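Residue numbers (full-length UniProt numbering): 1 to 76. Even glycine gets a Cβ: it sits at the ideal position worked out from N, Cα and C. Model, not experiment: these values are computed from the prediction.
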């Protein structure tokens, strides 16, 4: 095994396998930006006018088989 391969093997054993775009995955709740069709902030959802705009979109997305990911920091 060459030194480069040995170093990669050791790094993988110590730190785990390398991740692609970890900051992007945190921002999009484990997904990548390419897979996101709509992003709405919690602040935007606090506005009742925006809630009324988003609700029909979510129903339409659900009808097409898309998933809605919510971060759990929303009030009722």
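For residue i, the three-state DSSP class (helix, strand or coil)
i, result
"residue 71", "coil"
"residue 6", "helix"
"residue 36", "coil"
"residue 51", "helix"
"residue 19", "coil"
Contact under 8 Å by Cβ, residue i with residue j
i, j, result
"residue 38", "residue 69", "no"
"residue 40", "residue 28", "no"
Inter-residue Cα distance where the pair is residue i and residue j
i, j, result
"residue 22", "residue 11", "17 Å"
"residue 25", "residue 44", "21 Å"
"residue 3", "residue 13", "15 Å"
"residue 19", "residue 71", "21 Å"
"residue 60", "residue 9", "46 Å"
"residue 52", "residue 46", "11 Å"
"residue 15", "residue 32", "22 Å"
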